[in-house]
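Peer 1: Sharing a structure here in structure tokens format.
Shown next, in the form of structure tokens:
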């Protein structure tokens, strides 16, 4: 293995995780995080562990299939944990991991920004659509 200078190592490290490069694995993560259901699940778990049915009621319009898929992918990515408690009936809860909590604040801000600026976006859309 050839010796690399510090500058070459930094360049290699940057190339490894540069989302502007087509082959960068961080693009997959960005793609996942840009999903509306991911944002809503992360924000929905901000107050602590929740059961599936609680999340389903909180996130209006999410299908059972989409919520299940979203929870599984977030668990796979290490952003939440699924805990099964032996009881009658069995209780399953979902909770953010430390990694998930570090992302949750950002997602909550994104949700808040969208809610606060929706009127401006709608006005801009109407203005754009009215152009010949």
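Numbering (UniProt numbering), first residue to last: 1 to 132.
In this text, a Cβ means the ideal position worked out from N, Cα and C, and glycines have one as well.
Remember, it's a predicted structure, so these values are computed and weren't measured experimentally.
When DSSP builds the beta bridges, which residues end up paired with residue 144?
Peer 2: Lying outside 1 to 132, the shown extent of the chain, residue 144 is not represented and no answer is given.
Peer 1: Confirm, please, whether the CB-CB distance from residue 44 to residue 58 is below 8 Å.
Peer 2: The answer is yes: Cβ separation under 8 Å.
Peer 1: Are the region 35-44 and the region 60-71 touching by the rule of at least three beta carbon pairs closer than 8 Å?
Peer 2: These segments touch.
Peer 1: Less than 8 Å between the C-beta atoms of residue 79 and residue 91, yes or no?
Peer 2: Cβ atoms of residue 79 and residue 91: not closer than 8 Å.
Peer 1: Mind reading off the beta-carbon distance from residue 108 to residue 54? Whole number of angstroms is fine, and I expect it under 8 Å.
Peer 2: Wrong, their Cβ atoms sit about 17 Å apart, outside the cutoff.
Peer 1: Can you tell me where the beta strand (DSSP E) holding residue 84 begins and where it ends?
Peer 2: It spans 80-85 - the beta strand (DSSP E) in which residue 84 sits, taken as one unbroken run.
Peer 1: Residue 120 to residue 5, Cα distance in whole Å?
Peer 2: Straight-line Cα distance between these residues: approximately 50 Å.
Peer 1: Over the uninterrupted alpha helix (DSSP H) stretch that includes residue 64, give me the two end residues.
Peer 2: Counting along the chain, the alpha helix (DSSP H) containing residue 64 begins and ends at 64-76.
Peer 1: Within its chain, find whatever has a CB closer than 8 Å to the CB of residue 147; leave out the 5 residues flanking it on each side and keep chain order.
Peer 2: The chain is shown only over 1 to 132; residue 147 falls outside these bounds and no answer can be derived.
Peer 1: Distance, Cα to Cα, residue 28 vs residue 74?
Peer 2: So the two alpha carbons sit approximately 13 Å from each other.
Peer 1: Are there 16 or more other CB atoms within 10 angstroms of the CB of residue 61, so buried, or fewer, so exposed?
Peer 2: Looking at its Cβ environment, which holds fewer than 16 other Cβ atoms inside 10 Å, residue 61 is exposed.
Peer 1: Going straight from the alpha carbon of residue 17 to that of residue 88, what length do you get?
Peer 2: When rounded, the distance between both Cα atoms is 46 Å.
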